[in-house]
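Residues 6 to 452 in my numbering are what the sequence shown lists, from first letter to last. Every residue gets a Cβ at the ideal spot worked out from N, C-alpha and C, and that includes glycine. No experiment lies behind these values; they were computed from the predicted model shown. See below for the structure under consideration.
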Amino acid sequence: MVRLRKFYEANAAVPPRTVTFVSGHLFFTRTLALPEGMRPADIESFAELTLEGMSPFSLEHLAWGYVTDPSSRWLLIMAACRPRLSAQELDGWGQALFVLPGFYPLLAGLQTSGSTRAIFQGECLTLANYEEGCPLPVSFTHRVIETEGDVEAEAFAVYAAMRPTEAAECGLPVLREGREEKDGGVVFEHVLVREADTASANNEDVDTSGSEGAEAPAEEVLPVRIENVDTLWPADLRDPTFKTSEQGARRLSGTLWKSMLIAGVVALVLILGGFTWGVLSVMQSSRLARIERQTPEIMALELKEQNLNDLKQFVGSPFRPFDILGDLNNVKRHGMGANGIYFDSVALSNDNEVTVRGKASNIVEVNRYADALKKSGLFEEINAPDYQSRGSGEARFTLDLRYLGPPTSSESETDSATGEAADPASAPAPEPSSAEAGTIPEAEEAT
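Right under this line is the structure:
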C-alpha cells in the first residue's frame, strides 16, 4: 500500500501533457466534398491520395492531417512542409499530447457570430473564410504580427481593419494553451480580446499616476472542451505509423490505469473486510469466553431453582409421605397379622403413586394384601401385582398403587350414618391411629 500511495503521489506531481500548436501561416489547405457513400474507414486513404495528387512534395516531407464535418460529407486537408519547421520543434513532437495547427480550435467548436471566424495563436492571426453550403472553411487568411508593442492589441487592430463589424461584435479569441484534463479530455483555453482591452493597453503609458491601486480588467476565458479525444487523431500532424502506435499505447495505459484503480478499490474492500472480520471474531471470542465463565453460575442457579420448585411441590402436596407409609403398615397389620408381608422398599412420586417392593411367604398372601389395600379405600391399583415365586417358599412382589387418602369429614359422617342405619350391630370397632399403634416392627425392615 505504501508503494501504491507513492506511485499515485508521483503521478499526481507530474504536470498534465499539453498540445503542441504549429503556426497557421505554415499550412496550405484544401476543402472538398467526399464522394457519396464513402465509408468513414476509407476517408484517411482518400485524404492521403488527394494530398499526394495536389502537393508538389512527397508525403515524407509533409506534416499533414484532416478534418471532416459531423455528417462526413466534407473533408478539409491541412499540410505543412517539414523543412520549414525547426529540428528542435520536430524533436518535441514525440512528447506532446497532440500536434495540431494553430487554427484547429476554429474547427473544434469555437463559435462566434457571423459567417467568419478568427483566432490568434503565437504570432499568427488566422481568419477562416466560408462559403454557403459548406460547413468547413474553404480557405484561411493568415497574418504574422511582428511588433515590439502589445502583440495581441496589434493583432486585434489588424483584425478590426480587415473585418470591423465582426471584430466589434465578437472580439478576437487568443489561444493560450491546450492541455489534458484528469478525466482524459482535452481543453483549449482562449482569452477574448475586445476593443476596450486594446484601448486600455494603449493608454497605460499615457497616465499611470492615479492607477497604481486600480485592478486590471478581468480576462474573459473561452474554454473549448473535447470529450472524445479520438476525434483529434485525424488532425494530428505526426506520422501515421507513430499515431497508430501512440494511440494503442495510450489505450493500453488507460486500461492499465483503470485496472490499477479497480485493483486498489478491491484491495481496500478486502482490507476493510478483513479488519471487520477480525473485529467481529474478537467480539465473538470475548462473548463465548464470557458465556463459558458464566455457564457454571447459571447452571448452579437453574439447579437451585429446580430443587426449590421440587421442594415446594413436595411440601405443598395434599398427602404426606409418612401418612402413606403409615397406611401401608396399618393395612398390613390389620389385614395380614404380624407375619406374612415384608417390605424391601417403598418409592413415592409427586403424583402420590406408590411402588412397593417386598417379599411374602407365598403368592396367596400377596394377593390378600393387594385386596386389603383396595378394600381400605386408601389405595387403588395401577397395574396388576407382579410377583415371582421361588422354590424356597418365598415370593417376591411389586405393587404399583395410587394413594387416594382418607375420605373427608363430611364423607366419613355420611358413610357412618348410612352404615349404622342399615346394621347397627355390624359397625366395625374403631381402629387405633398410627400414633396409638406405636412402633411398627415390620417397618424397620423396609428399605
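Is residue j closer than 7 Å to residue i when the C-beta atoms are compared?
i	j	result
V192	E157	no
A160	F108	no
V24	L102	yes
K364	E399	yes
V454	L105	Nothing can be reported for residue 454: it is not among the residues displayed for the chain, which extend from 6 to 452.
E185	R22	yes
H147	T170	no
L80	L54	no
N134	P142	yes
Y164	A172	yes
V359	Y408	yes
Would you mind working out which of the options sits nearest residue i, comparing C-alpha positions?
i	options	result
E91	L112, R401 and A68	It should be pointed out that residue 91 corresponds to Ser in this sequence rather than to Glu. Among L112, R401 and A68, the Cα nearest to that of S91 is on A68.
A352	I346, G345 and V361	V361
V226	N388, E302, Q100 and E194	E194
R255	L275, I267, V234 and A272	V234
H30	V198, S144 and E185	S144
G345	L378, L306, A85 and Y374	Y374
H66	Q252, A85 and D376	A85
P411	G382, F402 and M304	G382
I231	F247, D349, A305 and P110	P110
A166	L56, E200 and P301	E200
S366	A268, R401 and D74	R401
Alpha carbon to alpha carbon, how far is residue i from residue j?
i	j	result
I48	D244	17 Å
G190	L177	25 Å
V27	M83	11 Å
A240	D155	31 Å
Q393	K380	24 Å
D332	L404	15 Å
V270	R89	50 Å
E182	G283	52 Å
E41	I150	41 Å
L406	R338	18 Å
E128	T152	10 Å
D328	N357	11 Å
A442	Y347	With a pLDDT of 39 at A442, under the threshold of 50, the modelled position of that residue is not reliable, and no figure is offered here.
G259	T34	34 Å
P390	V336	17 Å
P45	L285	60 Å
A162	L95	32 Å
N334	K317	27 Å
Q289	I276	20 Å
P301	R295	11 Å
P326	E297	41 Å
Would residue i be called buried (16 or more neighbouring beta carbons within 10 Å of its own) or exposed?
i	result
D188	exposed
G278	exposed
V371	buried
G70	buried
E136	exposed
F384	buried
L237	buried
V287	exposed
K263	exposed
F247	exposed
R292	exposed
So within the segment 86 to 111, which uninterrupted beta strand (DSSP E) runs reach at least 3 residues, ignoring any that extend past its ends?
104 to 106
In chain order, each alpha helix (DSSP H) run of at least 4 residues that lies wholly inside the segment 345 to 402:
368 to 380
Inside the segment 237 to 310 only - alpha helix (DSSP H) runs reaching at least 4 residues
none
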